[in-house]
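Residue numbers -22 to -1, 1 to 159, in mature numbering (1 follows the signal peptide of the UniProt record, and there is no 0), belong to the letters of the sequence shown in order.
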Amino acid sequence: MKKILGVIAVSLLPLVPLTAAAHGAAALRFEKSVTIKAPAAKVWALVKDFGNEQAWHAGVESTKTEQKKDENGDEATYRTVKLKNGGTMYEKLRSVDDAGMRLKYEYVLEKSTLQFSNFYPMITVTAKGNETEVTVKGSYTRADSSNIPKPEQNDDAATKALDDFFGQGLDSLKKAAESGK
């Protein structure tokens, strides 16, 4: 009996990797921070203005907000972000916490051009003495969730898109907040 079970187990072993990979794209984590020499209240005022990202992000051409019903029938704020490189992002505001200086939103892939999905970023502004730390973090998956994604939609492409966008954004936010304007 043990011999038969051993043969069955060994014969099924090649199927294990196939079933483990059959679920598609795994969730990835993203986190990026910058320290800004400006008061947290000033930085927070820039970040929380969901409809005015172009005021501080050098890669954003324009932002347009709209109020509409979400998938649950609740009133929600959405924004369309036109990028200077020709891309578009469509995002839903999830919450603004003035006391905790946290902004949460959701990336809506169906109306966006960047190569990631299921992205729910949170931007946190934290006072650190005379400086302010801004952190963006969230989880995401690549846009192509198949087991063999197109090269332009794989994990590396998704990570690069986020690194590029938020790297430029945090650098721009730093410049805008420290400029004294």
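Here a beta-carbon is modelled for each residue, glycine too, at the ideal position from N, C-alpha and C.
For residue 5, which of 156, 151, 68 and 122 has the nearest alpha-carbon? Comparing Cα positions, the closest option is 122.
Test item: CB-CB of residue 214 and residue 119 under 8 Å: With the chain represented from -22 up to 159, any question about residue 214 goes unanswered, as that position is not in the structure.
Would residue 126 and residue 112 be called neighbours here (beta carbons separated by less than 8 Å)? Cβ distance not < 8 Å, so residue 126 and residue 112 don't count as in contact.
With a threshold of 8 Å, are at least 3 pairs of Cβ atoms found where one atom belongs to the stretch 81 to 90 and the other to the stretch 131 to 140? When Cβ pairs closer than 8 Å are counted between the two stretches, the stretch 81 to 90 is seen not to touch the stretch 131 to 140, the count staying below three.
Alpha helix (DSSP H) containing residue 146: first to last residue? Its alpha helix (DSSP H) spans residues 133 to 156.
Classify residue 150: buried if its beta carbon has 16 or more other beta carbons within 10 angstroms, exposed otherwise. Buried, since its Cβ has 16 or more Cβ neighbours within 10 Å.
Where residue 21 falls: helix, strand or coil (DSSP): Three-state DSSP puts residue 21 in a helix.
Buried or exposed (CB count within 10 angstroms, at least 16 for buried), residue 107: With fewer than 16 neighbouring CB atoms inside 10 Å of its own CB, residue 107 falls in the exposed class.
Is residue 87 helix, strand or coil by DSSP? Helix.
Can you give the Cα-Cα distance for residue 148 and residue 50, rounded to whole angstroms? If you take the alpha carbons of residue 148 and residue 50, they lie about 32 Å apart.
Buried versus exposed call for residue 47 [16 or more other C-beta atoms within 10 Å across all chains shown]: With fewer than 16 Cβ atoms within 10 Å of its Cβ, residue 47 is classed as exposed.
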